[in-house]
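A short worksheet on the structure shown next.
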Amino acid sequence: MHPVIKLVSQRIALGLLLLFGASALIFGLTEALPGDAAQAVLGQSATPEALANLREEMGLNRPALTRYFEWLGGIVQGDMGTSLTNKLDIATSIGSRLGNTLFLAFWAALVSVPLAIFLGLLAVRYRNRWPDKLISAVTLTTISIPEFLIGYVLVYFVAVKLGMFSPLAMINDSMSFWQKLNAIALPVIVLTMVVLAHMMRMTRAAILNVMQSAYVETAELKGLSNFKVIWRHALPNAIAPIVNVVMLNLAYLVVGVVVVEVVFVYPGMGQYLVDHVTKRDVPVVLACGVIFAAIYIGLNMVADIVAILANPRLRHPK
Amino acid sequence: MNEQLTHMASQVTAGKLTRREFMGKAAALGVSAAMASTIFADAARAAGPKKGGDLKLGLQGGESTNSLDPATYASSVPYMNGRHFGDTLVEVAADGTIEPRLAESVEGSADAKVWTFKLRQGVEFHNGKTMTSEDVLKTMQRHSNEDSKSGALGIMKGIASMKADGEYFQVTLNESNADLPYLMADYHLIIQPDGGMDNPAAGIGTGPYKLEVDEPGVRHLFSKFENHWSDYGHFDSVENVVINDSTARTAALQSGQVHIANRIEPKVADLLGRAPTVTIQSTPGRGHYVFIMHCDTAPFDSNELRLALKYAINREELVEKVLRGYGSIGNDMPINAAYPLFDETIPQREFSIEKAAEHYKKSGHDGSPIILRVADAAFPGAVDAAALFQQTAQQAGIPLEIKREPNDGYWSEVWNVQPFCASYWGGRPVQDQMYSTAYLSTADWNDTRFKLKEFDDLLFAARAELDPAKRKAIYSQMGMMVRDQGGLICPMFNDFVDAVSNQLDGWETDPNGELMNGQVSRKMWFA
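Residue numbers (our numbering), protein chains in the order written: chain A, 712 to 1029; chain B, 66 to 592.
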């Protein structure tokens, strides 16, 4: 078997094992939280009878292990079950939420990743001169400001005062593609500002690292232009750490944007998950948790594989 | 008003003059903008409701876990969903009287034990079926039977039997209760086809709008139901948009993406009210922010200590700082002037360090810290309110210690469990219901563990009493008992603070609930 295929299949098997562990951990932790779904749903209006009836209906009286393995049995057959609280099919509800989250993450990534790498290259080209310092200063500032604050400032000035974009990023199926893009413009800007610095700095550092190498010097001596040296010779050799940090940020764009979702009222996965954790809706929390874990594990796996493919020494191990 | 202005106003009423045109012409006549605006509003109102338009509400209080099953309603968005698509038998009107809805009339027997509702005929459900007394009976059974998990279960307890008979629906009670029609106005008790026994979360009712899109935690869209029985419901469509974040909600309102927003934070209400396109509607309600002590748990089993704490709280300061004036001071009883049969002569408890210190001394408390548990989940600003309370108590020598609890799980782990904590009560339409929910010895939600035989007896006596003057006297006596012996520290009643776009007309002040008791989609219209 080709070593790369072997490696990928090993990684996938390990990933599945990790997912299983993650689901058990999430289940255990949700169970450990005080209260249960019945109490959370009834809230201040809970009476002992109503609580007992609701617990019976939700099946919360059965032992925790039974419930976990039932859920596990369902999910390996692709059945996520139904939500305890609103009785809706979890797969359908998550489907549209996940679609929205990926839609936002995709456009944020499409803007931020090329921009970050380009700015990184630019910073290397003019290292320690004013463009480099300006880029660093601006991106470090935007990463340091909490994202909700950037969000509110943009909403106030751009949406309310200038009336340019919509302050709410509520999208739904009846909207056209352009309406959707218009709606998510502000959150995409915020997310770009948040992830830019990390990727840009890593690109800059990784390339600067290889700029000291002999082959870069050779390339320079060949008479190549400064930017061409960076683009053709330095970047390919620095690709592994850059891909790593890009993947980490992509994962963040999918699983870590709940604050931005709240500020812009975006119907994504984050808010969905938080709501169900508050209501102790275990099947939904598990489903969301496993999807998030899968995305995280998957993206990291891609980063590793790309790093290996980009490095001949790792590609052909002795 | 001169002749020309009168003529113009009549043109507005006839729908021949727009607001812009009217304001322009009025300015030419030398009438001030504010004056012209008032004249226009009056004239437009005289024209009666206009039909059409798509109303959008930006609401706090929706989660992706929400169901359309009326039995589960506990927050604002599901509550408003129910208001759009459903009807109850009767409704409590803004003046506290009973307004007929699906029941045309209500009649009680002389002893107030048997209540008969004459049902409106020819009312159609959104699924095309005609409402019968069987549907009403099944609905009430679903909210009161043994399997019920309804939020209305508590108020349905006193029912002995129910009966459907042609055009009539009859309820027989265990004990007399003159307030039964008010209980039937509860927002959970939406009449559903077959009582919702087969599919409670279908969202099918008899209301002015029928369900189009149900995305819990995101939005709920309703469109006009052409065969609705009443004159209410003037919009083509109504959409509840879930915007839990307060800043996002105000931004959406300011930019015109929604027309109405609820739960405006007192600190931004003044600023928002200055915007030319928005009016802040502050409605004194029955909801109250409280600190509750268990009367049967040490050290709160001493009435002297309870009194000491009641005197040690500065109510004016709390209303001013926590509610920013959008509220009124409480009097350590759960009742205020918004209730029918309220006795205005009950003396107001004043803040007094001396009296607090005196009662504290008499209580003989050993000086160990008194732990007050709070979280902002109890009410917005609860933590700040507790800090202010702690400072004033300190001056009286009462060692109050604040313990912050997590918001998450507050209602199951702290409220009604810990002996001293912050809490919130939404109020009830009538005094009887408020007292029987939380102050009767046997009530499940007796969160102050207030158990007084005389009080219970008075409560039952008031229920059977049909003479309003005598009932008022009894309620006054009961209020004094809670005020002087109860475990309730009630510093303030909060207002409902809603913000409404000036494009809308038809707002009425209604103390029964936020957003005009949820009637905005029925009674308002685009001007």
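We treat Cβ as the ideally placed atom computed from N, Cα and C, and that holds for glycine.
TODO: Starting from the C-beta of serine 226(B), find all residues in its chain whose C-beta is less than 6 Å away, skip the five residues before and the five after it, and write them out in chain order.
DONE: Taking C-beta separations shorter than 6 Å and ignoring five residues to either side along the sequence, the partners of serine 226(B) in its chain run Thr237, following chain order.
Task: Sufficient close CB pairs (3 or more, under 8 Å) joining the region 363 to 382 of chain B to the region 487 to 502 of chain B - done: Judged by Cβ distances under 8 Å, the region 363 to 382 of chain B makes no contact with the region 487 to 502 of chain B, as fewer than three pairs qualify.
Task: Exposure label - isoleucine 269(B); buried when at least 16 CB within 10 Å - done: That one is buried.
TODO: With hydrogens ignored, establish whether the beta-carbon of leucine 94(B) is closer than 7 Å to any heavy atom of the ligand SAH.
DONE: As presented, the structure is devoid of all ligands, the ligand SAH included, so that no description of it is given.
- [ ] Would you decide whether asparagine 379(B) is buried or exposed? Buried here means 16 or more other CB atoms lie within 10 Å of its CB.
- [x] That one is buried.
- [ ] Can you give me the Cβ contacts of methionine 66(B) inside the same chain, cut-off strictly under 6 Å, excluding the 5 residues immediately before and after it?
- [x] Its pLDDT being 49, under 50, methionine 66(B) is placed unreliably by the model, and nothing is read from it.
Open item on the list: Please report the distance separating the alpha-carbon of glutamine 542(B) from that of serine 213(B).
Closed with: The straight-line gap from Cα to Cα measures roughly 35 Å.
Task: Inside the region 151 to 195 of chain B only - beta strand (DSSP E) runs reaching at least 3 residues - done: Every beta strand (DSSP E) of 3 residues or more that sits fully in the region 151 to 195 of chain B is shown, in chain order, as 155 to 157, 163 to 165, 168 to 173 and 179 to 184.
- [ ] Just mark serine 794(A) as buried or exposed, buried being the case when its beta carbon has 16 or more other beta carbons within 10 Å.
- [x] Buried: at least 16 other Cβ atoms inside 10 Å.
Open item on the list: Run through chain B and tell me which residues come within less than 8 Å of threonine 758(A), C-beta to C-beta.
Closed with: The contacting residues are Leu218, Gly219, Asp509 and Trp510.
- [ ] Identify every residue that forms a DSSP beta bridge with tryptophan 490(B).
- [x] Answer is His353(B), bridged to tryptophan 490(B).
Open item on the list: Based on DSSP bridge pairs, tell me the residues matched to tryptophan 572(B).
Closed with: Paired residue(s): none; tryptophan 572(B) is not in a bridge.
Task: DSSP beta-bridge partners of asparagine 305(B) - done: Within the DSSP secondary-structure output, asparagine 305(B) pairs in a beta bridge with Leu122(B) and His285(B).
- [ ] Flag this pair as touching only if the region 375 to 390 of chain B and the region 531 to 546 of chain B have three or more C-beta atom pairs under 8 Å; answer yes or no.
- [x] The region 375 to 390 of chain B, when compared against the region 531 to 546 of chain B, does not touch it at the 8 Å Cβ threshold.
Open item on the list: List, from N- to C-terminal side, the beta strand (DSSP E) runs of 3 residues or more that fit wholly inside the region 389 to 440 of chain B.
Closed with: 392 to 394 and 435 to 439, all fully within the region 389 to 440 of chain B.
TODO: Return the Cβ separation of glutamate 409(B) and arginine 438(B) in integer angstroms, given the expectation that the two are a contact with Cβ distance under 8 Å.
DONE: Between arginine 438(B) and glutamate 409(B) the Cβ distance is about 34 Å, and since that is not below 8 Å, they are no contact.
Task: Contact set for alanine 908(A): own chain, Cβ-Cβ below 6 Å, skip 5 residues either direction - done: Here the set comprises Thr850, Leu851 and Ile854.
Open item on the list: Any beta carbon from chain B within less than 8 Å of phenylalanine 814(A)'s own beta carbon?
Closed with: So no, phenylalanine 814(A) is outside the interface.
- [ ] Note down, in chain order, all residues in the region 256 to 288 of chain B with a beta-carbon under 8 Å from any beta-carbon belonging to chain A.
- [x] Going along the region 256 to 288 of chain B in chain order, one finds Ala266, Val278, Glu280, Pro281, Gly282, Val283 and Arg284 with a Cβ nearer than 8 Å to chain A.
Task: N-terminal and C-terminal residue of the beta strand (DSSP E) that alanine 728(A) is part of - done: It is leucine, not alanine, that sits at residue 728(A) in the sequence shown. Unbroken run through leucine 728(A) is the alpha helix (DSSP H), 714 to 743; no beta strand (DSSP E).
Open item on the list: Contact criterion: CB-CB distance below 8 Å. Does alanine 761(A) meet it with respect to chain B?
Closed with: Among the CB atoms of chain B, one or more fall inside 8 Å of the CB of alanine 761(A).
Open item on the list: Please return the same chain residues whose Cβ sits closer than 8 Å to the Cβ of alanine 440(B), not counting the five positions on each side in sequence.
Closed with: Ala447, Val448, Arg469, Glu470, Pro471, Asn472, Tyr475, Val479 and Ala487.
- [ ] Compare the C-beta of lysine 332(B) with all C-beta atoms of chain A and state if any pair is closer than 8 Å.
- [x] No - not a single Cβ of chain A is within 8 Å of the one on lysine 332(B).
TODO: Classify leucine 318(B) as helix, strand or coil using the three-state DSSP reduction.
DONE: Here leucine 318(B) sits in helix by DSSP.
Open item on the list: Against chain A, with Cβ distances strictly below 8 Å, would serine 320(B) count as a contact?
Closed with: Chain A has a Cβ within less than 8 Å of the Cβ of serine 320(B).
Task: Rounded separation between phenylalanine 190(B) and arginine 148(B) - CA only - done: Taking the straight line from one Cα to the other gives about 15 Å.
Task: Among Ile1019(A), Ala827(A), Tyr926(A) and Ile856(A), nearest to aspartate 843(A) - alpha-carbon criterion - done: Comparing Cα-Cα distances from aspartate 843(A) to each of Ile1019(A), Ala827(A), Tyr926(A) and Ile856(A), the minimum goes to Ala827(A).
- [ ] Quick one: which unbroken alpha helix (DSSP H) runs of 4-plus residues sit fully inside the region 885 to 945 of chain A? Chain order, please.
- [x] Contiguous alpha helix (DSSP H) elements confined to the region 885 to 945 of chain A occur at 888 to 921 and 925 to 933, taking only those with 4 or more residues.
Open item on the list: Is the beta carbon of threonine 914(A) closer than 8 Å to that of glycine 831(A)?
Closed with: In terms of Cβ geometry, glycine 831(A) and threonine 914(A) form a close pair [threshold 8 Å].
Open item on the list: So, at 8 Å on beta carbons, what are the nonlocal neighbours of glutamine 982(A) in its own chain, with the 5 sequence-adjacent residues on each side left out?
Closed with: Counting only Cβ-Cβ distances below 8 Å, and skipping sequence neighbours, we find Val969, Glu972 and Val973.
- [ ] Starting from the Cα of leucine 383(B), find the closest Cα among Val547(B), Met499(B), Ala451(B) and Ala564(B) and give me that residue.
- [x] Of Val547(B), Met499(B), Ala451(B) and Ala564(B), the residue nearest in Cα terms is Ala451(B).
Open item on the list: Tell me the rounded alpha-carbon separation between glutamine 584(B) and glycine 551(B).
Closed with: Across the structure, glutamine 584(B) and glycine 551(B) are spaced so that their CA atoms are roughly 35 Å apart.
TODO: Establish whether the CB of valine 899(A) and some CB of chain B are separated by less than 8 Å.
DONE: So, not an interface residue.
- [ ] Could you check what DSSP says for phenylalanine 558(B) in three-state terms: helix, strand or coil?
- [x] Three-state DSSP puts phenylalanine 558(B) in a strand.
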